[in-house]
Structure formats: C-alpha cells, structure tokens
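**Student:**
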Amino acid sequence: MTQPLNTVGMFALADSGALDGTPKPPVASGPVGRPRRWVGRIVPTLVLIAAAVFFLAPLLTLARYALQNVPTIRLGWSTLFDNWSLSGVTKAFDDPQFWPTLTLSLKLAVFAVALTLLLLLPTAIWVHLRLPRLRSIIEFLTLLPYVIPAIALVAGIVAIKPHARWFLNSDYALVPFYAVLALPFTYRLIDAGLRAIDLRTLVDASRSLGAGWGGTIMKVLLPNLRTSVISASFLTAAVVLGEYTIASVILKNTFPTFQRVFVGREPQAGYGLFLLTLVITILLFVVLFFITRPRTSPRKPFVAPTESSAS
Amino acid sequence: MTTLGFQAVRKTFGPTVALERFDLDVKEGELISLLGPSGCGKTTALRIAAGFEFADSGQVVVGGNDITSTPAHKRNMGMVFQSYSLFPNLTVAQNVEFGLKTRKVDKAESHRRVADMLDLVQLSATANRYPHQLSGGQQQRVALARALAVRPQVLLLDEPLSALDAKVRLTLRDEIRRIQTDLGITTLFVTHDQEEALGISDRVGVMSNGRLEQLDTPTTVYRHPANTFVARFVGSMNEIPARSVDGGAVRVGSSVVTTEHGLGPDTDVKLLVRPEDLRLVAEGDGLAGSVVNRTFQGASTLVWVRLDVVDTLVSVDVAGVGAATIAPGERTSVAIDGSRAMCEPVG
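Residue numbers (the numbering used here), protein chains in the order written: chain A, 2 to 312; chain B, 40 to 386.
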C-alpha cells in the first residue's frame, strides 16, 4: 500500500531537483495550474449553494404550505405557482388574541432588553476594568441558562410560585426570566465588544477630559459597543418572541403561546404566522447590518469659524 | 501659578511597592521626564497625578491645592496615552471638542478652541475624519490637541511616542516640545526611551524600584550620574575591572587612571566609563587590545576592543569618519579619561 505513495514522493523530490542537487527554476503556471484555480473557485461556490439550499428549502416548503391555497397532497412542482395568497397570514391578524399578545410580547422584549443592558453592561465593564480574574467565572455562570433546559427553570418557578404570587401574577414577571435565558448570548456579545476596544484607555481618556462614569458609559462606551449592544438587544428580543415554556407554565398569554394555540386551531394560518415572524427577524438582522456599519463621514461636518464669525 | 508636586507618595499593589516616599516638584512651565525601566513606578506616578490611581499615603498638590483624593474627572489635567486613545465613534473635531462639552464651554468658544488646537497640531484639514482614517502620528497629535483644548493645569504624557515609528517619533517629539514651550504648560512626561527624555526635558527624573534616583538636567544626569544605577541606565557604560590606589586613582593593569572615587586603597572595583570617554591611541600609549568589531552609527562609530590585560570588551566612540579604516583583528590601544568615570566596589 505504501509503495505508490513513496513513488509519488520520489518523483516530487526528483522534479524539485532535490535528488540530483541541481535546483530547478520555478515553473510558470501553465495548463497544469489552471484547473486548480478553477477548483479553488468552484468548491466554495458549491458549498455556499448547498448551505443556501439547506437553509432555504425548509423555508420555501413552509412558505408553500402557509401561503398557497392548494391542498397539501397536491403540493408539487406542477403547482409551484398556483394560488399564492397572504390570506392565511392575515387571518391571524383578525384573531382577537393576536394584537394583545403581540403587544405584550413586544413590551416584554423592550423591558427584557432594558433590564439586560442595565445589569449586564455596567457589570461587564466593571469586571473588565477591575476584576479581570472573575471573567472566566462569569462566563461560566452566564452559560448556565444555555446548558440547563428551560423546563428546569420552570420547575424552580413552580416551586417558588406559592411564595411569590404577588410577583408572578404580573405579566411583567417574565422579564427577569427572559433576561436570564438571553444571558448566554448577550454576555458573550457584550464581552466580545469590550475585548475589541481598548476599554481602559478609553475610560481613562474620557475621565481625564472631565466625564464622570455616567458620561463615559453613555458618550464613549455605548457608541463604541453599538454593534454588541444592538446585537444583544435583538437576540434578547428574539428570545422573548420565541420563548414558550415559561410563559405557558406561569399562564401568560404571550405571542408564542398565542402562536401555539393558533396553529392548533388554524394550521395553515398558524404556519403563515411562523413564516412572517421568521421573515421579520431576518429583516431585523439586515437592518442591524446596515445600522452598525462604521461611519466614514460625520452627520454634521465641523466648519472652522472664520475671523468675522468668531468676533 | 501651576506647579505639580508629589509629597512622600507611597503606593502599593498587593505586596508590590510601586512608589516609596516619592517626592517630585514640577515647576510652572517646566517639562520633567520620568525615565526608568519597566515596573519602576513611573507610570504609577503619572496615573496618581491623573487621578486614575490613588496614593496609599502622601499628597499630590497642583498649584498649591491638595488634589490627592480628587476624582480624575474633577482634576484639570490633560493626558496623552501610550495607545491610541481617540474615541473611534467621534471625528477629529468632535474628539477635540469632547472635553469642552463636558465642561459646558459656550459653543462658539468651543468651536474657536477646536479650530485653534487643530491649527496648533497642523491637522485642520482632518477635522471631519474619523480616527481610523488617520495615521498613528496624526492620532497622537489629535490626542495632544484634545488634551490641550481644555486648557489643563498640567499636561501628562504617558509614553505617547512609543507606538510610532522612529521618524514620526522624532518629529512629534520636537512638536510636543515646541507646543509645550509655546504654551508654557507644566508637563510630566513618562518614557522608557532615554533619548526622548534627554532630548526634550528641562529636567529628567531617573526612577528605580519606586524611588527617584536622580532628578536633574539632562546634561547632569548623563555627565554626572548620581549613582551607578543612573550611570548604567542612562547611556551606555563600559565596566572595566580595576583596583583602587591612593589619591582617588585606580589601576587597570599597569595603567593608572585618575578618578574621584573616594575609596580606600587596594579595593577591587569596577570602573564605569562611557564610550566617549575612551580614546583609541597609538599602540603602547594606553591599554593594549584587539579590535573585535565596529558598529557604524551615522555621526560616529562604536569600535569594540578586547583589552588584553583585563580580558574585557569595551566600546569606544569614535566621532566622524575616523573609524572607517579600522578593521576587526587590528591591534590598538585605549586611553581612559577618568574625570567622569565612576567606581563601584566589587562584592
């Protein structure tokens, strides 16, 4: 088995001049080199196409099921362009539970984002500046909600429910749980953002220029952590708009619980709603991409005052 | 009158003593450089002056006011940092304006000062650029403009040139000195680059292990170091084994060198002498040796000679093109000017 390999190796050595001792000049890339470059271009393209098919095929299937008024059994190539309609999705809008649950979930998302940022941002900054040795411990702790299934958290909530009814009765009781569930994503994003900037120097520079801690966080750190903060906010919102288990156990009518009920009642319209949620999420990430691009020209350019304007 | 003073300042980090009874007075309009090896406490002193660290004991005084426990944002200090410290989200003009906004300076006055400062560092044309669109040297000039825009009582410079390439470093060094002199601002400059410190300072403070070993003019620090640490740290120094004799002289082999050591006779010493205090002389007129190597340095050449009698390698600074014909292996002699030499007892 090893013979052919050795032979190939021998030819390679002989060709490079290593055996006869005479170095050979490098060979100009000719017909032999071309197919390799062609392969180099085609392979990544094929991988991209395969990945796109892998992600888009289920979405397309979902879209056909939700938006084509064609019996499921007849969904095939021949009916690809038949009876597309948004009526399935709009049916959800007419449901009396749709707007209240969506509004509640959006409010919960806003509060969860606010709570996450209020707790996480100063903590992460403080740990980076003053307690860098605690970073690995905090990383581990923030990973726990990802490792421990939501149902375990629910078991804990059930256990404390009799003692904390005053709190759990409110719809907004979900906010801290959502903040905890989003921690594995949000902490990592904020942490990565803080690692990407020269935090200590920026803080010192800001303070030496007269800004207090509040001013430093608001005017210097937040704008430079914009990508991390916006991404963390979107991910927290995505967690809120997708979390079903906790809301269901503590009997809250959030958008995901409504979706679950609605899809049971109106399967086609329910899946249309899932599709719409997905599309909106993707659009949000596209918006995120555009609003977090670094600026190359200022909104209000500085114009040096002339002699007359100065006087 | 704006002066900066450290009075018996002590600072520790856990078991490490960063500053020990540190005393320093920077006079009005003076530029003092703190020079020393890594970990000697020079940056800690600067950070205590800025308010980023607080002294365990002792006082920091600016213009007669004790600011020891004043937080950083309430001290009127301007600071330029070692790493690029411009706020990436703000343009050059907005960076310079930052300190004026926090001080709520009137908008027209603020605009005027930004324009003046950018003019001072010759970067008016870059006012609307972002930091990532500037070179390292330009960024540090903007940082200087930003620090000066708030009209600080004291300017603190924390190795602002160390991230720059050699040529830009030299230009910016001169520019900092020009601006500092023009504005007459009291300045504390921290560096580990002795050429920088000697080149732009009114006085240089050499630090070691949290203490100020010597504080004097660059010439005095170089020519008359207070102790062997300063002598070794500032500039280069040859160390030649010798033995003290009466009357302040030492004997190197059979040659007697007159110094001012103040040691008793018959003590083994190291004679510390700078390359420019050694001369190549005709064979037989000094300590015989062989040329080992030579290093061309532009204005002068360092010739490395191994002295026969003490088997020690010394470097001799030969000005101009005098060393061009000297080749490794050549026999030569070295004469020592002991007037500025120092002696350190061995053991």
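Backbone N, C-alpha and C define an ideal beta-carbon position, used for all residues, glycine too.
Write down the C-beta distance between His-349/B and Pro-280/B rounded to the nearest angstrom, noting that I regard them as a contact closer than 8 Å.
**Tutor:** As a working note, residue 349/B is residue 310 in the second sequence. As a working note, residue 280/B is residue 241 in the second sequence. In the sequence under discussion, the amino acid at residue 349/B is Val, which differs from the His named in the question. Contact holds; Cβ gap of about 5 Å.
**Student:** Mind pulling the chain A residues with CB within less than 7 Å of Asn-128/B?
**Tutor:** Locating residue 128/B in the second sequence gives position 89, where the first residue counts as 1. What Asn-128/B touches in chain A: Pro-224, Asn-225.
**Student:** So is His-150/B buried or exposed if we call it buried at 16+ other beta carbons inside 10 Å?
**Tutor:** Locating residue 150/B in the second sequence gives position 111, counting from the first residue. A buried status is given to His-150/B, since no fewer than 16 other beta-carbon atoms sit within 10 Å of its beta-carbon.
**Student:** Kindly give me the distance between the Cβ atoms of Val-48/A and Leu-116/A, rounded to whole angstroms, as I take these residues to be in contact under 8 Å.
**Tutor:** Here residue 48/A refers to the residue found at position 47 of the first sequence. Here residue 116/A refers to the residue found at position 115 of the first sequence. Going by Cβ atoms, the distance from Val-48/A to Leu-116/A rounds to 40 Å, so no, they are not a contact pair.
**Student:** Which one or two residues does DSSP pair with Gly-44/B in a beta bridge?
**Tutor:** Looking up residue 44/B in the second sequence gives position 5. BP columns for Gly-44/B point to Asp-64/B, Val-100/B.
**Student:** Measuring CB atoms only, is the region 174-185 of chain B touching the region 111-130 of chain B, in the sense that at least three cross pairs come out at less than 8 Å?
**Tutor:** A contact exists between the region 174-185 of chain B and the region 111-130 of chain B.
**Student:** Under 9 Å Cβ-Cβ, which residues of chain B neighbour Pro-302/A?
**Tutor:** The residue labelled residue 302/A in the question sits at position 301 within the first sequence. In chain order: Thr-130, Ala-132, Ala-166, Asn-167.
**Student:** Could you round the C-beta distance between Arg-49/B and Asp-95/B to whole angstroms and report it? I think they count as a contact, below 8 Å.
**Tutor:** Your numbering for residue 49/B matches position 10 in the second sequence. Your numbering for residue 95/B matches position 56 in the second sequence. 5 Å between Cβ atoms; contact.
**Student:** Just the Cα atoms here: how many angstroms apart are Ala-188/B and Leu-73/B?
**Tutor:** As a working mapping, residue 188/B is identified with position 149 in the second sequence. As a working mapping, residue 73/B is identified with position 34 in the second sequence. Straight through space, the alpha carbons of Leu-73/B and Ala-188/B are spaced by roughly 24 Å.
**Student:** Taking the CB atoms as reference points, tell me whether Thr-293/A and Thr-228/A lie closer together than 8 Å.
**Tutor:** Counting from one through the first sequence, the residue named residue 293/A turns up at place 292. Counting from one through the first sequence, the residue named residue 228/A turns up at place 227. Yes. Within cutoff.
**Student:** My output table needs one value for Glu-252/B: the three-state DSSP class, helix, strand or coil.
**Tutor:** Taking the second sequence and counting its residues from 1, the one referred to as residue 252/B is at position 213. Glu-252/B falls in the strand class under three-state DSSP.
**Student:** Using the C-alpha atoms, what's the distance from Phe-178/A back to Leu-109/A?
**Tutor:** Here residue 109/A refers to the residue found at position 108 of the first sequence. Here residue 178/A refers to the residue found at position 177 of the first sequence. Leu-109/A and Phe-178/A have their alpha carbons spaced roughly 11 Å apart.
**Student:** Mind listing the chain B neighbours of Gly-216/A? Cutoff is C-beta to C-beta under 7 Å, in chain order.
**Tutor:** In the first sequence, residue 216/A corresponds to position 215, counting from 1. Those within 7 Å of Gly-216/A in chain B are Thr-141.
**Student:** According to DSSP, simplified to helix, strand and coil, what is Ser-209/A?
**Tutor:** Residue mapping note: residue 209/A aligns to position 208 of the first sequence, counting from 1. Ser-209/A: helix per DSSP, three-state reduction.
**Student:** Tell me the start and end of each unbroken beta strand (DSSP E) in the region 225-292 of chain B that is at least 3 residues and wholly inside, in chain order.
**Tutor:** 225-230, 242-247, 250-255, 277-283, 288-291
**Student:** Do the region 205-223 of chain A and the region 162-175 of chain A make contact, defined as three or more Cβ pairs closer than 8 Å?
**Tutor:** no
**Student:** Within 10 angstroms of the Cβ of Asn-70/A, are there 16 or more other Cβ atoms? Answer buried if so, exposed if not.
**Tutor:** In the first sequence, the residue the question calls residue 70/A occupies position 69. With fewer than 16 other Cβ atoms within 10 Å, it is exposed.
**Student:** Please classify Gly-117/B: does DSSP put it in a helix, a strand, or coil?
**Tutor:** As a position in the second sequence, residue 117/B is number 78, starting the count at 1. Gly-117/B: strand per DSSP, three-state reduction.
**Student:** Since Gly-243/A meets chain B, which of its residues come closer than 7 Å, beta carbon to beta carbon?
**Tutor:** By 1-based counting over the first sequence, the position of residue 243/A is 242. Simply none; closest approach about 32 Å.
**Student:** Can you find at least 3 beta carbon pairs, one from the region 377-386 of chain B and one from the region 304-314 of chain B, that sit closer than 8 Å?
**Tutor:** yes
**Student:** Flag Gly-176/B as yes if its beta-carbon sits less than 8 Å from any beta-carbon of chain A, otherwise no.
**Tutor:** Taking the first residue of the second sequence as position 1, residue 176/B is located at position 137. Taking Cβ atoms only, chain A never reaches closer than 8 Å to Gly-176/B, which makes this a no.
**Student:** Looking only at its own chain, which residues have a Cβ that is under 7 Å from the Cβ of Thr-83/B, when we skip the five neighbours before and after it?
**Tutor:** Here residue 83/B corresponds to residue number 44 of the second sequence, with the count starting at 1. Closer than 7 Å at the Cβ level, and outside the excluded window around Thr-83/B, lie Lys-50, Ala-57, Leu-58, Glu-92.
**Student:** In whole angstroms, give me the CA-to-CA distance for Gly-44/B and Val-65/B.
**Tutor:** Position 5 of the second sequence, counted from the first residue, corresponds to residue 44/B. Position 26 of the second sequence, counted from the first residue, corresponds to residue 65/B. Distance between the alpha carbons of Gly-44/B and Val-65/B: 6 Å.
**Student:** Would you check if the distance between the CB atom of Val-303/A and the CB atom of Ala-88/B is smaller than 8 Å?
**Tutor:** What you label residue 303/A is simply residue 302 of the first sequence in a count that begins at 1. What you label residue 88/B is simply residue 49 of the second sequence in a count that begins at 1. The amino acid at residue 303/A is misidentified as Val; the sequence shows Phe. No; because the gap between Cβ atoms is not below 8 Å, this pair is not in contact.
**Student:** Taking only beta-carbon positions, decide if Ser-124/B is within less than 8 Å of chain A.
**Tutor:** As a first step, residue 124/B is located in the second sequence; it is residue number 85 there, counting from the start. So, interface residue.
**Student:** Enumerated in chain order, which unbroken segments of the beta strand (DSSP E) with a length of 3 residues or greater are wholly contained in the region 346-372 of chain B?
**Tutor:** Within the region 346-372 of chain B, the complete beta strand (DSSP E) segments at least 3 residues long are 351-358, listed from N- to C-terminus.
**Student:** At which residues does the alpha helix (DSSP H) containing Asn-76/A begin and terminate?
**Tutor:** As a working note, residue 76/A is residue 75 in the first sequence. Note that residue 76/A is Leu in the sequence shown here, rather than Asn. Premise fails: Leu-76/A is in no alpha helix (DSSP H) and is neither H nor E.
**Student:** Relative to chain A, which residues along the region 97-116 of chain B have a C-beta separation below 7 Å, given in chain order?
**Tutor:** Ala-111, His-112, Met-116
**Student:** So which residues on chain B does Thr-202/A lean against when the C-beta distance must stay under 7 Å?
**Tutor:** Walking along the first sequence from the start, residue 202/A turns up at place 201. Per Cβ cutoff of 7 Å: Phe-120, Ser-122, Ser-124.
**Student:** Considering Cα atoms alone, identify which of His-129/A, Ser-106/A, Phe-94/A, Trp-85/A is closest to Pro-267/A.
**Tutor:** Taking the first residue of the first sequence as position 1, residue 267/A is located at position 266. Reading off the sequence, residue 267/A comes out as Glu, not Pro. When each option's Cα is compared against that of Glu-267/A, the closest is Phe-94/A.
**Student:** Mapping the DSSP letters down to three states, classify Ile-198/A as helix, strand or coil.
**Tutor:** Start at 1 with the first residue of the first sequence, and residue 198/A comes out as number 197. Coil at Ile-198/A, not helix or strand.
**Student:** Anything in the region 187-199 of chain B with a Cβ closer than 7 Å to a Cβ of chain A? List those residues in chain order, please.
**Tutor:** Val-189
**Student:** Quick check on the burial criterion: 16 or more other C-beta atoms within 10 angstroms. Buried or exposed for Ile-375/B?
**Tutor:** Taking the first residue of the second sequence as 1, we reach residue 375/B at position 336. Buried, by the Cβ-count rule.
**Student:** Pro-191/B: buried (16+ other C-beta within 10 angstroms of its C-beta) or exposed?
**Tutor:** Reading the second sequence from its first residue, position 152 is the one you call residue 191/B. Classification of Pro-191/B: buried, given that the 10 Å Cβ count is 16 or more.
**Student:** Rounded to whole angstroms, what's the CA-CA distance from Leu-60/A to Val-155/A? Just pull it up for me.
**Tutor:** Counted from its first residue, the first sequence places residue 60/A at position 59. Counted from its first residue, the first sequence places residue 155/A at position 154. Distance between the alpha carbons of Leu-60/A and Val-155/A: 31 Å.
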